[in-house]
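Protein chains: 2
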Amino acid sequence: MSQLYLGEFEEIVLLTVAVLDGKAYGMSIIDEIKSRLGRNVSLGAVQTVLKRLEEKGMVSSDFGEATAVRGGKRKRYYTITSTGQQSLTVMKEQRMALWNALPHPFALNFI
Amino acid sequence: MSQLYLGEFEEIVLLTVAVLDGKAYGMSIIDEIKSRLGRNVSLGAVQTVLKRLEEKGMVSSDFGEATAVRGGKRKRYYTITSTGQQSLTVMKEQRMALWNALPHPFALNFI
DNA sequence: ATTTTTTTTACTACAATGTAGTTTTTTATG
DNA sequence: CATAAAAAACTACATTGTAGTAAAAAAAAT
Numbered sequence: 395m396s397q398l399y400l401g402e403f404e405e406i407v408l409l410t411v412a413v414l415d416g417k418a419y420g421m422s423i424i425d426e427i428k429s430r431l432g433r434n435v436s437l438g439a440v441q442t443v444l445k446r447l448e449e450k451g452m453v454s455s456d457f458g459e460a461t462a463v464r465g466g467k468r469k470r471y472y473t474i475t476s477t478g479q480q481s482l483t484v485m486k487e488q489r490m491a492l493w494n495a496l497p498h499p500f501a502l503n504f505i
Numbered sequence: 395m396s397q398l399y400l401g402e403f404e405e406i407v408l409l410t411v412a413v414l415d416g417k418a419y420g421m422s423i424i425d426e427i428k429s430r431l432g433r434n435v436s437l438g439a440v441q442t443v444l445k446r447l448e449e450k451g452m453v454s455s456d457f458g459e460a461t462a463v464r465g466g467k468r469k470r471y472y473t474i475t476s477t478g479q480q481s482l483t484v485m486k487e488q489r490m491a492l493w494n495a496l497p498h499p500f501a502l503n504f505i
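Residue numbers (our numbering), protein chains in the order written: chain A, 395 to 505; chain B, 395 to 505.
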């Protein structure tokens, strides 16, 4: 598959990394997804996707310093790269192109 | 995985079925994706996804009548269901929620 | 009327992504 | 030092992405 396109969950995680703006690591990403989308995801799922996004050059990571809170390995902080931004933008524009081409818009036909 | 969320390619195909508004079948979907997104996909890929979307209740299908053009099995026409519309809408809204939460919007930082 | 060509669906197989359980590492605190 | 907490790393398997190949069906050619 092309490296330009991301899977559905990869896209959610990458957008969340961007939203967290330098404060993205495993647990904070889970919490953000939970609070913004109401979606429960596991730590293992998030970490696997972060590793794959890094392999694709969509994010980069650095270890943070030890903090004042109790315990734990050093956090691995993730930030979105220029490539990641580009990929998200392309995917968004392509979907918008299709939404705008709908002959019968159907948002809010339900509830 | 939840049946509410679709994969990246499933979403593209489902949106295209909706855009084609009653005229969606294997080849017409390929052509539409090619012309709107510039993306080349195989017939097998599209048909596999259509079958999965139907199993999930996102589309329904019917065979068309024979047309005036030469040869071929009867076309299997696909239409989006109410469930499909609902799924697309939810996914769109969730992504928009994340895009709107970006502290530093990055559309068009490149080119 | 049989063969060929065109159009299309159906089938099969494998690669990439989605998901979560388990283990290990690290550090603060009693 | 033992223990609890926080976090990353590892492992395994299910779902989705992708395309090649085969089969079916009907018009056209011979």
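Glycine included, each C-beta is placed from N, C-alpha and C at the ideal position.
- Contact note: Glu402/A reaches chain B through Tyr399, Leu400, Gly401, Glu402, Glu405, Met485, using a C-beta cutoff of 8 angstroms and chain order.
- As for any alpha helix (DSSP H) of minimum length 4 sitting wholly inside the segment 422 to 457 of chain A, the runs are 437 to 449, ordered along the chain.
- The shortest C-alpha to C-alpha distance from Ser422/A to any of Pro497/A, Tyr472/A, Thr483/A is the one to Tyr472/A.
- Of all residues in the segment 415 to 431 of chain A, those with a C-beta nearer than 7 angstroms to a C-beta of chain B are Asp415, Arg430, Leu431, reading in chain order.
- Interface criterion met: the Cβ of Leu492/B is under 7 angstroms from a Cβ in chain A.
- Your pair Ile427/A and Met452/A does not check out as a contact, with CB atoms roughly 17 angstroms apart and the cut at 8 angstroms.
- The criterion of a C-beta distance shorter than 7 angstroms is not satisfied by Leu496/B and Ala491/A.
- DSSP places Arg489/A inside the alpha helix (DSSP H), whose first and last residues are 476 to 495.
- By DSSP's assignment, Arg470/A forms a beta bridge with Phe457/A.
- For Pro497/B, at least one C-beta of chain A is nearer than 7 angstroms to its own C-beta.
- Under the DSSP assignment, Phe403/B falls in the alpha helix (DSSP H) whose first and last residues are 402 to 414.
- With respect to the 7 angstroms criterion, Val440/B and Gly416/B are not classified as neighbours on the basis of their beta carbons.
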